[in-house]
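Q:
Residue numbers (this note's numbering), protein chains in the order written: chain A, 217 to 563; chain B, 6 to 349.
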C-alpha cells in the first residue's frame, strides 16, 4: 500500500511527534509498504497564522501521488489531520490542547484576543476531521478520554513502542533516581525539587534533558539552590542514546511526575529497563501503565507525598527491584509493538 | 542565520531538486547556519487544479515574529516560493509547470485552461516580484523563466554530489541513460535503437527510478521487440548508480529541457562520452560536439547514427570521455561560493 503520514512541521522544533512519525514510516516500510511523511509547515502563533494553517490543511490534496493513488492517509496531529482523504485513519498524538483541557490554563486560548472564536473554529474543524475519518486511534487512553469528553468522538488507544525498545537493559542500581524529560513547566521539575527538599534519606536525582528555553533550565537550577538540594541534583542535559540507556540501566527507579501527560514514553522505557516508576495521580499517560505498589508508586501531586514515595524506594531497594521486574512483565503482557500497530492502522 | 529551504513534495517521487535541498542544507550547516527543509505537498492531478494549489501554498505563512525566528527562505521551485516570508531568495531548479501545455490538456476545456493559465501566471508573477533575488541552477532553467515570465535571472550551478567518487572502468557493452524519460523521448529512444545497425544495448536507471518501469512504456518495448536490448534498472543505490556510469560505453541524455546539469557532470566525472539532443537542456549546454560527446537532433535516425558510431568505435568514445573529464576538472564547484551568492 501507498501510505502518507500527515504530521506537523514547526521549523527548528523537533520532538516526540516527529520521531513517532518517522518510526511509523519505518515500520510500514519494514512491512513492505511505501510510506512517506507529509509534514505541512505552519506557525501556531499568532492566531491568524494558526487559522491559515488550518485552512491550508483543508485545501491540500493528497488523493493522488505521482504514479498512482495514495491508499491511506494517517493523520497524527492537529491541524494536518484535517487534510481530506477518502481513506483517512487518525492516530492522534494530541489535539490543540489550548482549545480544550488547557482552555483555562495560563497558555489557554481564553487569554487570547478572539480566543473564543478560534476555539469554536478549532472545535468545528476537529469534529469535521473526526467525522470524515474511517477509524480513529490515539496514542493513549488519556487522549481517548479527552476526545470523548470534548468532541463526543470514540477512539481506541494504540500504544507506540519507545524508540530503541530492544536496547533497554537492566543493571545494578548506582544510588540515584532518574528523571528523563525536557525541562519545561508541565513536566514539574519544580515539584520534584520541592519533594527532594523534604525527603528523610539523601535521595539523589539525575535529570536528563534540555530546557525548552535556556532561561527555564537556569530557573530550575536556581530553584534547586534555593531549596538547598543543588548538591543532590545532577543536570545531565542532552545525552546520546547509549548514554541514556546506561542511565536507565543503573537507576534505582525512574521518577516522572508531569502534569497530565499525553503519553509518556518515559514510563515504557522504565518498564523495558525493569525499573519501578514514581508518578503522580494527575500525571495522565503514565497512569495507564504504572500500578501503585506493584510496578511503582502513584503519589498525590504534592511535595510531601512525592518525598515519601522517593524515600520508600530509597529505603527498600529489594522491593524496588521486584516492582521493576513486575513492570517489565507488564510491558511484555501489553504486546506493544509495531506489527500490532500497522495491522490496526491499515486493516 | 536560520534558513528555510522550500521545495515541493510529490509523494513517492524523488527528484534532483529533493537531493539539492539536502545538499544545500548540509552546506548551510557546515557554514554555521541552522537550516531546515520544508516540503509543500503538490499533486499533478489535483481535481481543483493548479490554481488552487498555488493559492493554498500562498496561505502558508512563515514570517518571523516574536515567537518564531526565521531569517531567510531559499525556495527552489513552484509552488514552494509562494510561502509568505519577507526575505525570500529563489534558486529555481526549473520553471515549466504553470506554462506547460500538458497541464492544460490534463484539465480539459481549452478556454477554461487559458483562463487557468492566466490565473496561475498572475499568482506566479506576484510571488516572483516579491522575491528579494532570483537565481536559477542553469542557463536552461533561466531560459524557461524568461520564456514563461519574461524575467531574467543569472544561474548558479549546483555542485555535483561527491564528485571524487566517480571514476572510469572498462566498458561493459551498454549505453547508460540516467534520465527519467517521458513517453515521447521513450519512443525516440526505441525508434533509434530499432534503427541502429549495431547490436547496441541500453540500460536505464537511477536511484530515482521505480523498481519496475511503467507498464504502458514497457509495452512499447515489447511491441518493438527490443527486450533483449533495453534493460531497466530501477531503485539503485547511489553507489550502484556510480558503478553504472563507470562501466558504460557512454552516457546518453535524451530527455527534453533538462534543467539539472548533474547527470551530464556525472558522465564527465566518469570520463564517459555524452550523447544528447539539441533540445535536451543542460547536457546540451555542456557538450562540445565531437570533442567530449555528440549533439544530435531529436530524431531516431540521428540518435541511431550517434549510438552506432560510438558502439563501433569505442576508442573514440574513450577519447571523448577523457576530454569531458579534463573539462570538468577545470571547473570549480564550491558550496561556499554558492552560499556567498545566495546569501548576499
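Backbone N, C-alpha and C fix where the C-beta goes; we use that ideal spot for every residue, glycine too.
Can you tell which of B:155, B:251 and B:127 has its C-alpha closest to the C-alpha of residue 170 of chain B?
A: Locating residue 170 of chain B in the second chain gives position 165, where the first residue counts as 1. Checked all of B:155, B:251 and B:127; the closest Cα to residue 170 of chain B is B:251.
Q: Taking Cβ to Cβ, would you say residue 527 of chain A is nearer than 7 angstroms to residue 415 of chain A?
A: Taking the first residue of the first chain as position 1, residue 527 of chain A is located at position 311. Taking the first residue of the first chain as position 1, residue 415 of chain A is located at position 199. Yes; because the gap between Cβ atoms is below 7 angstroms, this pair is in contact.
Q: Which residue spans inside the segment 141-225 of chain B form an unbroken beta strand (DSSP E) run of at least 3?
A: Segments of the beta strand (DSSP E) lying fully in the segment 141-225 of chain B: 180-182 and 207-211.
Q: Which residues, in chain order, does the segment 267-290 of chain A contribute to contact with chain B at a C-beta distance below 7 angstroms?
A: Within the segment 267-290 of chain A, the residues whose Cβ lies closer than 7 angstroms to some Cβ of chain B are 268, 271, 272, 275, 276, 277, 278, 280, 281, 282, 283 and 286, listed in chain order.
Q: Would you decide whether residue 229 of chain A is buried or exposed? Buried here means 16 or more other CB atoms lie within 10 Å of its CB.
A: Here the question's residue 229 of chain A lines up with position 13 in the first chain. Burial call: exposed.
Q: Between A:357, A:380 and A:404, which lies nearest to residue 370 of chain A when the distance is taken from Cα to Cα?
A: Translated into the one-based positions of the first chain, residue 370 of chain A becomes position 154. Comparing Cα positions, the closest option is A:357.
Q: At 3 residues or longer, and completely inside the segment 239-324 of chain B: list those beta strand (DSSP E) runs for me, N to C.
A: Correct list: 255-258, 279-282 and 298-301.
Q: Determine the DSSP secondary structure at residue 531 of chain A, reduced to helix, strand or coil.
A: Looking up residue 531 of chain A in the first chain gives position 315. Looking at residue 531 of chain A - three-state DSSP - the assignment turns out to be helix.
Q: By Cβ distance below 7 angstroms, which residues in the same chain neighbour residue 106 of chain B in space, the five residues on each side in sequence not counted?
A: For the purposes of this step, residue 106 of chain B is taken as the residue at position 101 of the second chain. In this prediction, residue 106 of chain B has a pLDDT of 48, which is less than 50 and means its spatial position is unreliable; nothing more can be read from the coordinates.
Q: For residue 298 of chain A, count the other beta carbons within 10 Å of its own beta carbon; 16 or more makes it buried, fewer makes it exposed. Which is it?
A: By 1-based counting over the first chain, the position of residue 298 of chain A is 82. Per the 10 Å Cβ criterion, buried.
Q: Quick one: list the residues of chain A neighbouring residue 39 of chain B, beta-carbon separation under 7 angstroms, in chain order.
A: The sequence position of residue 39 of chain B within the second chain is 34, counting from 1. Simply 228.
Q: Do the segment 23-38 of chain B and the segment 54-72 of chain B meet, that is, are 3 or more Cβ pairs less than 8 angstroms apart?
A: In short, these stretches do not touch, since the Cβ pair count stays below three.
Q: 7 angstroms is my cut-off, CB to CB: does residue 297 of chain A come that close to chain B?
A: Taking the first residue of the first chain as 1, we reach residue 297 of chain A at position 81. So, not an interface residue.
Q: Can you check which of these residues, B:165, B:38 and B:45, is closest to residue 12 of chain B by C-alpha distance?
A: Residue mapping note: residue 12 of chain B aligns to position 7 of the second chain, counting from 1. Checking every option, the nearest Cα to that of residue 12 of chain B belongs to B:45.
Q: Output needed for residue 510 of chain A: all residues of its chain with C-beta closer than 7 angstroms, excluding positions within five of it in sequence on either side, in chain order.
A: Numbered from its first residue, the first chain carries residue 510 of chain A at position 294. Closer than 7 angstroms at the Cβ level, and outside the excluded window around residue 510 of chain A, lie 539 and 542.
Q: Note down, in chain order, every chain B residue with its Cβ under 9 angstroms from the Cβ of residue 225 of chain A.
A: Residue 225 of chain A sits at position 9 when you count from the first residue of the first chain. By Cβ distance, chain B contributes 41, 43 and 44.
Q: Quick check on residue 566 of chain A: does DSSP put it in helix, strand or coil?
A: It is not possible to answer for residue 566 of chain A, since the shown part of chain A is limited to 217 through 563.
Q: Could you confirm whether any beta carbon from chain A is found closer than 7 angstroms to the beta carbon of residue 303 of chain B?
A: Along the second chain, read from residue 1 onward, the residue named residue 303 of chain B stands at position 298. Residue 303 of chain B does not count as touching chain A.
Q: If you run the structure through DSSP and keep just helix, strand and coil, what is residue 496 of chain A?
A: Residue numbering aside, residue 496 of chain A sits at position 280 when the first chain is read from its first letter. Correct three-state label for residue 496 of chain A: strand.
Q: I think residue 222 of chain A touches residue 309 of chain A, with their Cβ atoms under 8 angstroms apart; what is that distance to the nearest whole Å?
A: Translated into the one-based positions of the first chain, residue 222 of chain A becomes position 6. Translated into the one-based positions of the first chain, residue 309 of chain A becomes position 93. Incorrect: roughly 12 angstroms between the Cβ atoms, too far for contact.
Q: How many angstroms separate the CA atom of residue 119 of chain B from the CA atom of residue 61 of chain B?
A: As a first step, residue 119 of chain B must be located in the second chain, where it is residue number 114. As a first step, residue 61 of chain B must be located in the second chain, where it is residue number 56. Approximately 20 angstroms, taken between the alpha carbons.
Q: So residue 18 of chain B contacts chain A; which residues on that side make the cut at Cβ distance below 8 angstroms?
A: Here residue 18 of chain B corresponds to residue number 13 of the second chain, with the count starting at 1. The contacting residues are 281, 282 and 283.
Q: Less than 7 angstroms between C-beta atoms, sequence neighbours within five positions excluded: which residues of the same chain meet that for residue 608 of chain A?
A: No statement about residue 608 of chain A is possible, as the shown extent of chain A runs from 217 to 563 and does not include it.
Q: Given a threshold of 16 other Cβ atoms within 10 Å of its Cβ, counted over all protein chains shown, does residue 220 of chain A qualify as buried or as exposed?
A: Walking along the first chain from the start, residue 220 of chain A turns up at place 4. Buried, since its Cβ has 16 or more Cβ neighbours within 10 Å.
Q: Let me make sure I understand the geometry here. Which of B:126, B:99, B:121 and B:190 has the alpha-carbon closest to that of residue 146 of chain B?
A: For this step, residue 146 of chain B is matched to residue 141 along the second chain. Measuring from the Cα of residue 146 of chain B, the nearest candidate turns out to be B:99.
Q: Is the beta carbon of residue 161 of chain B less than 7 angstroms from the beta carbon of residue 272 of chain A?
A: Working through the second chain from its first residue, we reach residue 161 of chain B at position 156. Working through the first chain from its first residue, we reach residue 272 of chain A at position 56. No, the pair does not count as a contact, with Cβ atoms beyond the cut-off.
Q: Is the CB of residue 593 of chain A under 7 angstroms away from at least one CB in chain B?
A: Because residue 593 of chain A is not part of the residues shown, which for chain A are 217 to 563, the question remains open.
Q: To the nearest angstrom, how far is it from the Cα of residue 247 of chain A to the Cα of residue 239 of chain A?
A: On the first chain, residue 247 of chain A is found 31 positions in, with the first residue counted as 1. On the first chain, residue 239 of chain A is found 23 positions in, with the first residue counted as 1. Distance between the alpha carbons of residue 247 of chain A and residue 239 of chain A is about 12 angstroms.
Q: Using DSSP with H/G/I as helix, E/B as strand and the rest coil, what is residue 363 of chain B?
A: Coverage of chain B is limited to positions 6 through 349, which leaves residue 363 of chain B absent and any answer about it impossible.
Q: Count the C-beta pairs between the segment 267-284 of chain B and the segment 322-336 of chain B that are closer than 8 angstroms, then say yes if the count reaches three, no if not.
A: Yes: the two stretches touch, three or more of their Cβ pairs being nearer than 8 angstroms.
Q: List, in order along the chain, the chain B residues whose C-beta lies closer than 8 angstroms to that of residue 238 of chain A?
A: If you number the first chain from 1, residue 238 of chain A lands on position 22. Here the premise fails: no neighbours, minimum Cβ distance about 14 angstroms.
Q: Are three or more beta carbon pairs between the segment 478-488 of chain A and the segment 344-364 of chain A nearer than 8 angstroms?
A: Yes, the segment 478-488 of chain A touches the segment 344-364 of chain A.
Q: Does residue 454 of chain A pass the burial test, meaning 16 or more other C-beta atoms within 10 Å, or should it be called exposed?
A: Start at 1 with the first residue of the first chain, and residue 454 of chain A comes out as number 238. Answer is exposed; the Cβ neighbour count stays below 16.
Q: Using 7 angstroms as the limit for Cβ to Cβ distance, is residue 254 of chain A near chain C?
A: Of the protein chains in the structure, A and B, none is chain C.
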